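Below is one structure, written out as structure tokens; the observations come after it.
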Amino acid sequence: MKKQLLPLAFLLFVFNLVLGQEETVTTVQPKYQKEMDKLVKKKSIQQAFLHIDELEPDTHKNLVELTEIPAPPFMEHKRAERFSEMLKEAGADRVWIDEVGNVLALRKGKDSTKTIALDAHLDTVFPEGTDVLVKMVGDTLYAPGVGDDTRGLVMVLTILKAMNSANIKTTSDVLLVGTVGEEGLGDLRGVKHLFKKNEPKIDSWIAIDGGELGRINNQALGSYRYKITFKGPGGHSWGAFGLANPHHAAGRAVAYFDDAARSYTSSGPKTSYNIGRIGGGTSINSIPFESWMEVDMRSVSPDRLIEIEEILITETNRALEDYNKMVDKGPKLSVDIEKIGDRPSGELSPELPLIQRSMAATKAFKTEPFLTRGSTDSNIPISLGIPAVTLGRGGKAGGAHSLGEWWVNDKTGPESIKLALLILVSEAGLE
8 MKKQLLPLAF LLFVFNLVLG QEETVTTVQP KYQKEMDKLV KKKSIQQAFL
58 HIDELEPDTH KNLVELTEIP APPFMEHKRA ERFSEMLKEA GADRVWIDEV
108 GNVLALRKGK DSTKTIALDA HLDTVFPEGT DVLVKMVGDT LYAPGVGDDT
158 RGLVMVLTIL KAMNSANIKT TSDVLLVGTV GEEGLGDLRG VKHLFKKNEP
208 KIDSWIAIDG GELGRINNQA LGSYRYKITF KGPGGHSWGA FGLANPHHAA
258 GRAVAYFDDA ARSYTSSGPK TSYNIGRIGG GTSINSIPFE SWMEVDMRSV
308 SPDRLIEIEE ILITETNRAL EDYNKMVDKG PKLSVDIEKI GDRPSGELSP
358 ELPLIQRSMA ATKAFKTEPF LTRGSTDSNI PISLGIPAVT LGRGGKAGGA
408 HSLGEWWVND KTGPESIKLA LLILVSEAGL E
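Numbering-wise (my numbering), the sequence shown opens with residue 8 and increments by one.
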């Protein structure tokens, strides 16, 4: 019997997985490229592409409208309501908002044995009260959240309109999703809810988020986030001098953790750490009653993430113990170590049909695909081994997560919509 050799792409995938390195293999199997080249020539697909071009003014109008509906963290409901209305108007078979605020729209397939999801997130990073009025300078749109990820939402909407206009029928059900809580302390709560509830059961997941045409994210960058709070009695800086000071203990914890974490991250699969926010205290002449800090840790490796988490906890407790040894007046300090974020790591083989189809579709647009690692809604299905990718939203963009965020439509704008539609239909099956 002839010995079967494993494909080179798969061997490279395993090799990189062991080392924890970024995945760069972009080899497309001929059968998937042939399948995609045939699909892209179908009359209904070409009609859908034409409709996408014709819908450009509506896509632009919808982008401005949705951007100007604030969607601060944990306050996405107004945007969710309007987005759900838009999906109903576009002809979804059923539209609803679930218990946590996700917008869901079902487009039924012929046999409904599988469900393919197309997702963009509703929330932005900007707090309540941020000016989100869109300003247009030349061909550039300026507004917080205009790209991340409002552009993704309007792509989902335009894809639904184009599929209906071209009368595209799929074998599998298509679930169009606007998730809550993708950003920051939202901690992927929308997509976590969908896969925890598992209703409807999602068989493949396609997200649209940051990045240019050709980006295919098949690797989940995991992160743990903590809020650490040192607590004490507080008092006057002169009259109560000598009481335990939470800021002083917190400073010791920062130094201990930084020394240990810097050494740990100097070798091995890439792992990072960052103390992003520090707060506490009431005035310059008051001993604070608490001192808090928020810590972000990321790694390509689930094991490394656990290990740097242990370093944080160990060094925090060591700092508390060492500081309290010096306290000889009043009560000792205490510390609360609270986990406020948990995004799992993981990666999927480029050999999976969804990833092969995504790369083949990208090549059909005369663009070279590239595989990436990131922290997106796809982290959850990837960590569960469910086929998932995150695609770029096209156009040109900059200033994400800043008040000066901008987005410019160019040739890759409509092409990114066509590409996402092509991948969606190829995964759902053209009936």
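Positions of the beta carbon are idealized from the N, C-alpha and C atoms, including for glycine.
Predicted model, so just to flag it, every value in this text is computed and none were measured.
Straight-line Cα distance separating residue j from residue i
i: threonine 369; j: glycine 193; result: 31 Å
i: isoleucine 76; j: asparagine 416; result: 20 Å
i: leucine 398; j: phenylalanine 377; result: 10 Å
i: lysine 68; j: arginine 158; result: 11 Å
i: phenylalanine 133; j: leucine 410; result: 8 Å
i: leucine 355; j: valine 35; result: 15 Å
i: threonine 120; j: alanine 268; result: 48 Å
i: alanine 427; j: isoleucine 235; result: 41 Å
i: threonine 278; j: serine 308; result: 8 Å
i: glutamate 422; j: arginine 311; result: 38 Å
i: asparagine 292; j: glycine 241; result: 11 Å
i: leucine 73; j: glutamate 88; result: 11 Å
i: lysine 48; j: methionine 170; result: 15 Å
i: leucine 160; j: proline 338; result: 53 Å
i: histidine 255; j: lysine 403; result: 46 Å
i: glycine 353; j: isoleucine 294; result: 44 Å
i: leucine 361; j: aspartate 155; result: 24 Å
i: alanine 326; j: alanine 257; result: 8 Å
i: glutamate 30; j: valine 153; result: Annotation note: pLDDT 43 at glutamate 30 (below 50); position unreliable, no value reported.
i: tyrosine 280; j: arginine 305; result: 6 Å
i: threonine 131; j: tryptophan 245; result: 44 Å
i: glycine 288; j: glutamate 328; result: 21 Å
i: threonine 147; j: aspartate 126; result: 25 Å
i: glycine 381; j: glutamine 226; result: 6 Å
Collapsed DSSP secondary structure at residue i in the structure displayed
i: glycine 405; result: strand
i: glutamate 72; result: helix
i: asparagine 386; result: helix
i: methionine 300; result: strand
i: leucine 183; result: strand
i: phenylalanine 56; result: helix
i: lysine 238; result: strand
i: leucine 195; result: coil
i: leucine 378; result: strand
i: serine 279; result: strand
i: arginine 305; result: strand
i: glycine 399; result: strand
i: glycine 258; result: helix
i: glycine 286; result: strand
i: valine 214; result: For the record, residue 214 in the displayed sequence is alanine; it is not valine. DSSP places alanine 214 in strand when its eight states are reduced to three.
i: isoleucine 223; result: strand
Close Cβ partners of residue i (< 6 Å) along its chain, the five nearest in sequence each way excluded
i: threonine 379; result: Arg222 and Asn224
i: alanine 112; result: Leu94, Ala99, Val102 and Leu183
i: glycine 249; result: Lys336
i: serine 365; result: Ile223, Val396 and Ile430
i: threonine 511; result: The first residue shown for the chain is 8 and the last is 438, placing residue 511 beyond what the model contains.
i: serine 51; result: Ala173 and Ile175
i: alanine 124; result: Leu182, Val184, Ile209 and Trp212
i: arginine 232; result: Asp303, Ile347 and Gly348
Cβ shell of residue i (< 8 Å), same chain only, five flanking positions each side left out
i: glutamate 438; result: Gly116, Lys117, Lys176, Thr177 and Thr178
i: lysine 85; result: Ile76, Pro77 and Ala78
i: aspartate 65; result: Thr165 and Lys168
i: valine 107; result: Val187, Gly188, Arg196, Gly197 and His200
i: glutamine 363; result: Val35, Gln36, Tyr39 and Pro357
i: histidine 243; result: Asn292, Ser293 and Ile294
Cβ neighbour criterion (16 or more within 10 Å) applied to residue i
i: valine 302; result: buried
i: threonine 122; result: buried
i: serine 270; result: exposed
i: serine 290; result: exposed
i: valine 163; result: buried
i: alanine 262; result: exposed
i: proline 394; result: buried
i: histidine 128; result: buried
i: tryptophan 414; result: buried
i: glycine 217; result: buried
i: histidine 58; result: buried
i: methionine 43; result: buried
i: glutamate 412; result: buried
i: lysine 9; result: Annotation note: pLDDT 36 at lysine 9 (below 50); position unreliable, coordinate value reported separately. Its Cβ having fewer than 16 others within 10 Å, lysine 9 is exposed.
i: serine 273; result: exposed
i: glycine 229; result: buried
Close Cβ partners of residue i (< 7 Å) along its chain, the five nearest in sequence each way excluded
i: serine 341; result: Lys238
i: lysine 142; result: Tyr149 and Ala150
i: glycine 283; result: Glu301 and Asp303
i: alanine 407; result: Gly154, Asp155 and Gly217
Interface flag, residue i vs chain B, CB-CB below 7 Å
i: leucine 113; result: Note that chain B does not occur in the displayed structure, where there is just one protein chain.
>> Threshold first: 3 residues or longer. Then list the beta strand (DSSP E) segments lying entirely within the stretch 326-371, N to C.
In response: 341-350
>> Could you tell me which whole beta strand (DSSP E) segments of length 3 or greater appear in the stretch 86-166?
In response: With a minimum length of 3 residues, the continuous beta strand (DSSP E) runs that stay inside the stretch 86-166 are 101-104, 110-114, 122-128, 142-144 and 147-149.
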